[in-house]
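To keep things clear, I will list the structure first and then write my remarks on it.
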Amino acid sequence: MTARARIAGFVVVLSLASPVFAQPGPEPGPIEIGQQGLAQFETGNWQGSYDLFKEANGLSHSPVFELYMARSQMHLGKLLEARVTYERIASEVLPPDSPTPWKQAQLDAKAELAGLRTKVPAFKLTVKGTKPGDTPRSTLDGAPIELDTSLEADPGEHIFAASAGNRTIQKPIRLSEGVRDLVITLDFQVEQKAATPPQPQEGSLIPGAVLLGIGGAGLIGGAITGGLALAAAGEIDDLCGGDQAHCT
1197 MTARARIAGF
1207 VVVLSLASPV
1217 FAQPGPEPGP
1227 IEIGQQGLAQ
1237 FETGNWQGSY
1247 DLFKEANGLS
1257 HSPVFELYMA
1267 RSQMHLGKLL
1277 EARVTYERIA
1287 SEVLPPDSPT
1297 PWKQAQLDAK
1307 AELAGLRTKV
1317 PAFKLTVKGT
1327 KPGDTPRSTL
1337 DGAPIELDTS
1347 LEADPGEHIF
1357 AASAGNRTIQ
1367 KPIRLSEGVR
1377 DLVITLDFQV
1387 EQKAATPPQP
1397 QEGSLIPGAV
1407 LLGIGGAGLI
1417 GGAITGGLAL
1427 AAAGEIDDLC
1437 GGDQAHCT
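With the numbering used here applied, the sequence shown covers 1197 to 1444.
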């Protein structure tokens, strides 16, 4: 079905479901807003689609509006919010004379909800390396969470943190869609070792002083030897009359 055909059918469905939608007015009614929402959905503007369907549903409730709200949330990666929307549609008690599209929207919501349940990431956060008497606390993106408890979150990058005493660990972790048994461990001992820079080793001052002394002595000795050699040469010149080659 093309986008135009779907929009046309969408308008007919809403009109049959709730005739008050067709009443003209100065402001766009639910049908017009629903048209805009469906157009945004077709082009992949998930946030715009969600906002428009939510506005239309606020003006006049329809399971069709809510179904597209849930689908938009799915595309945005907001799986937990989408699950709440799907559950609301699935649990709604429709009147016996409800239009067929409303009933179909509810059936679609139940089917999509069943597939969603296995996509939401599930994890358990635990800590190690705490000191006796410490009461560790943990957060997920700044919100408190329970330790050693199976929890769920939307897929994507998250900041896990744990505090104990005056120590705090923060670690970014990416949760992948469909991962259900992830165990995340924050170890205070490991983090403390990693945060402690290596201390420079101090060498002995005595060997350096000895070497300095030896080097100085070598320079002094060389100067003395050179001086004695020059003095001896001068004395030989005086004794031999300047002719050292034939002086015995």
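Quick reminder that beta carbons are idealized off the backbone N, C-alpha and C, glycines included.
* Asked: Should Val-1323 and Trp-1298 be called a contact, given that it needs their Cβ atoms to be closer than 8 Å?
  -> Translated into positions along the sequence shown, residue 1323 becomes position 127. Translated into positions along the sequence shown, residue 1298 becomes position 102. Not closer than 8 Å, so no.
* Are Leu-1321 and Ile-1380 close, meaning C-beta to C-beta below 8 Å? -> Residue 1321 sits at position 125 when you count from the first residue of the sequence shown. Residue 1380 sits at position 184 when you count from the first residue of the sequence shown. Yes, they are a contact pair.
* What separation, rounded to the nearest whole angstrom, lies between the Cα atoms of Pro-1340 and Asp-1293? -> Here residue 1340 refers to the residue found at position 144 when the sequence shown is read from its first residue. Here residue 1293 refers to the residue found at position 97 when the sequence shown is read from its first residue. Spanning the two alpha carbons is a distance of roughly 46 Å.
* With distances taken Cα to Cα, identify the nearest neighbour of Pro-1291 among Tyr-1264, Ser-1258, Ala-1360, Thr-1281. => The residue you call residue 1291 lines up with position 95 of the sequence shown. Residue Ser-1258 is the option with its Cα nearest to Pro-1291.
* **Paired residues, beta bridge with Asp-1517 - DSSP** => Beyond the ends of the chain as shown, which are 1197 and 1444, falls residue 1517; an answer cannot be given.
* Please determine if the region 1238-1249 and the region 1266-1285 are in contact, where contact requires at least 3 C-beta pairs separated by less than 8 Å. => yes
* What's the gap between the Cα of Glu-1223 and the Cα of Ile-1369? -> Reading the sequence shown from its first residue, position 27 is the one you call residue 1223. Reading the sequence shown from its first residue, position 173 is the one you call residue 1369. If I take the Cα positions, the gap works out to 46 Å.
* Asked: Since Leu-1276 contacts Asp-1350 with CB under 8 Å, what's their CB separation in whole angstroms?
  -> Position 80 of the sequence shown, counted from the first residue, corresponds to residue 1276. Position 154 of the sequence shown, counted from the first residue, corresponds to residue 1350. Right, their Cβ atoms sit about 6 Å apart.
* **Spatial distance of Ala-1307 from Val-1386 (CA atoms)** => Within the sequence shown, numbered from 1, the residue matching residue 1307 stands at position 111. Within the sequence shown, numbered from 1, the residue matching residue 1386 stands at position 190. Spanning the two alpha carbons is a distance of roughly 45 Å.
* Over the uninterrupted alpha helix (DSSP H) stretch that includes Ala-1310, give me the two end residues. => On the sequence shown, residue 1310 is found 114 positions in, with the first residue counted as 1. Looking at the DSSP string, the run of the alpha helix (DSSP H) that includes Ala-1310 is 1296-1312.
* What residues match up with Arg-1370 in a beta bridge as DSSP calls it? -> Numbered from 1 along the sequence shown, position 174 holds the residue referred to as residue 1370. Bridge partners of Arg-1370: Glu-1353.
* Below 8 Å CB to CB, which residues in the same chain sit around His-1354 once its five sequence neighbours on both sides are set aside? => Your numbering for residue 1354 matches position 158 in the sequence shown. Excluding positions up to five away in sequence, the list reads Leu-1336, Asp-1337, Pro-1368, Ile-1369, Arg-1370, Leu-1371.
* **Boundaries (first-last residue) of the alpha helix (DSSP H) holding Arg-1144** => Outside the displayed span of the chain (1197 to 1444) sits residue 1144, for which this structure offers no information.
* What first and last residue would you give for the alpha helix (DSSP H) that runs through Ser-1268? -> Here the question's residue 1268 lines up with position 72 in the sequence shown. Ser-1268 -> alpha helix (DSSP H) spans 1259-1271.
* Host beta strand (DSSP E) of Leu-1290 (start-end) -> Here residue 1290 corresponds to residue number 94 of the sequence shown, with the count starting at 1. That residue, Leu-1290, is in no beta strand (DSSP E); it is neither H nor E in DSSP.
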